[in-house]
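These notes are about the structure you will find just below.
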Amino acid sequence: MENISGLNERQRYPFDLEIYPYLRDHHLENRAILPAVESLIILAGACRAVSLQSEIKCIQKAAFSRFLYLAPDNRRQPAVIDIIKTEGGNMVASLLTSVQSKTGTISRHVEHARAECVISGFEETGPPSFRSVDKLKGSCISIPSATVYRDLVPFGIAYQNIIGDLSVSSEGALGYVSGGNFEADDELLGSPFPLDAVMHAACVWGQRFAGKVCFPVGFEKRLIYQKTEKGQEYLGRVVPVSITRESLIFDVWIYKDDVLYESVSGIIMKDVTNGRMNPPDWIKVNS
């Protein structure tokens, strides 16, 4: 990729998405889907290559607008990255694929994910103290991770990274998560598995207190203080911020011991199946 000089000038770069076998463990309604956390690695990698930035520690205004289904049996899948340089010096990257009309005569690009990588410095928000996040108030239940991945978030083994029991109350969710393994890249943004698992915890909270199965469709800001690593364990904390009929919004933090590694504010979660998936009755607080 070559450097971009013009502001708001769109640059397009074709590339092949390498489909490692572990990615197929991330599936919904029997179809493998590229995880949001993996799309962020792709977007951040493109921005770093264009900007020649050594590290990217802040990603904001992320949107996961359309599932990118992984083609069965393929090891590579063609895709496109669009990048625009903003007036503030940041990079807005979009992940797209080409789709054809039913007749095969017309093709167009559709966007699957978009995020702004902060290149020119950012303001770190004051993290909460560890003591304020490592306990849950209110009536609390503990759900074994095996139950989470059997009944509530039925992903394959690569994406079963909540460890032990997940604690859930009206105040949020709390549990240990794994840095995972497999071929995932943990050099650029840290391991994708802890954040993915914390969003599973938010999904469980939504099933219990909102009565619907919700998955992430975007977030406001992600700050990476230290990179999570594969093979390590972390403490994940989920806090509900806004609950409406249309969406659930959460803030999350990922700690190791009492050190904050990562925070994500304004995670937006919605029912992306239009009611085709429903929580089991036993998890609903009002059932």
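Counting in my numbering, the sequence shown tops out at residue 358, every number present.
Idealized CB from N, CA, C, for every residue including glycine.
C-alpha of K341 to C-alpha of A268: approximately 17 Å in a straight line. Within the model, the alpha-carbon separation for F86 versus I113 is close to 10 Å. With fewer than 16 other CB atoms across the displayed protein chains lying within 10 angstroms of its CB, Q297 is exposed.
Between A272 and A229 a beta carbon distance of about 17 Å is seen, past the 8 Å cut, so the two are scored as non-contacting.
Residue pairing from DSSP places M162 in a beta bridge opposite K156, C188.
Non-local beta-carbon contacts of S191 in its own chain, meaning distances under 8 Å to residues more than five positions away in sequence, involve G159, G160, N161 in chain order.
Looking at the DSSP output, V312 sits in no beta bridge, so it has no partner there. Closest in C-alpha terms to V170, from the list Q124, S178, I152, comes S178. For F286, DSSP records a beta bridge to K341. In this structure, E80 lies near I155, with their beta-carbon atoms less than 8 Å apart.
Taking a C-beta distance under 8 Å as the contact criterion, V219 and C129 do not qualify as a contact pair. Inclusion of Y84 and F253 in the CB contact set at 8 Å is not warranted, their separation being larger than that value.
In terms of CA proximity to D328, E304 leads the group E304, A281, A184.
Y140 and E291 have their alpha carbons spaced roughly 24 Å apart. Bridge pairing for I104: Y140 [DSSP]. Proximity to S336 across N345, V343, S313 peaks at S313, based on C-alpha coordinates.
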